[in-house]
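In what follows, a structure is listed as structure tokens, so that the remarks can point back to it.
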Amino acid sequence: MMTERKEFSLCGRYYVDDEIAREIGQIVWAVDRNVKGKRAAWAEPRFQAKDIHPTETAPVLMAAGQELECGFWRWGFPGFQGKQVIFNARSESVWEKKTFRESIGHRRIVVPATWFYEWSRNKEKNIFYRKDERVLFMAGIYNRYQDGERFAILTTQANDSMKPVHDRMPLILEKSEIMPWIFDDKRTEEFLHKEPCLLKRRTDYEQLSLF
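Following the numbering used here, the numbering of the sequence shown begins with 59 at its first residue and continues without gaps.
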């Protein structure tokens, strides 16, 4: 059984709900309608509202040739010696890591979430979300393995909304940045250095363990 590795000290859990499916469908349809002149084929038979943990399957937006599609891939690259899973990658050093170098150059994705969780030093559960949008779009990368595609979420330095709880946060994209992040290699470095939008925080005082 694979054990979770808290790679780069960011909590590994986020939530998806029915809004994710609707938002993805609208995005894929809009891109396909405007660029290709036809309605995108979109189905959500495997979609389920739930918390997502490392090693579980989750929806992602990725390139399929010149089109944008939704896939359901496993969260976390295989770790060292096959006993751990690497579910985050630092945006500042992603080019330097052999594990991520090929992926950041050619296999970028977007991971939608309703919100994500982070625990304080006192083990208080904090929920981070956008007040102005229904969905968070987190920058990600993927690779192919014998058991299928797996993805990791990029992290960056925390902004002011995240600093009270943690010094890292997911690299969050705007909806307008989804296409260039996935398709435009020339803008990758620009996105890796962007500061994410400010988030709202809700605290859940349940004393929960990270594992």
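No residue lacks a Cβ here, since even glycine has one placed at the ideal position from N, Cα and C.
Here DSSP, grouped into helix, strand and coil, assigns R192 to coil. In the DSSP assignment, G129 falls within the unbroken beta strand (DSSP E) covering E125 to W133. Straight-line spacing of the CA atoms in A122 and D218 works out to 36 Å.
The beta carbons of L126 and V169 sit no closer together than 8 Å. One alpha carbon belongs to N201, the other to F158, and they sit about 8 Å apart. Judged by DSSP secondary structure, T246 falls within the alpha helix (DSSP H) whose first and last residues are T246 to L250.
With fewer than 16 other beta carbons inside 10 angstroms of its own, A107 counts as exposed.
In this structure, the beta-carbon distance from F186 to L250 does not fall below 8 Å. CA-CA distance, W133 to F195, rounds to 15 Å. In the displayed model, G198 falls within a strand according to three-state DSSP. Residue environment analysis places S234 among the exposed positions, since fewer than 16 neighbouring C-beta atoms fall within 10 angstroms of its C-beta. In the DSSP secondary-structure assignment, L212 is bridged to A147.
Taking C-beta atoms under 8 Å as the contact rule, W173 and Y73 qualify, at a distance of about 5 Å. Under the DSSP assignment, R80 falls in the alpha helix (DSSP H) whose first and last residues are D76 to V89.
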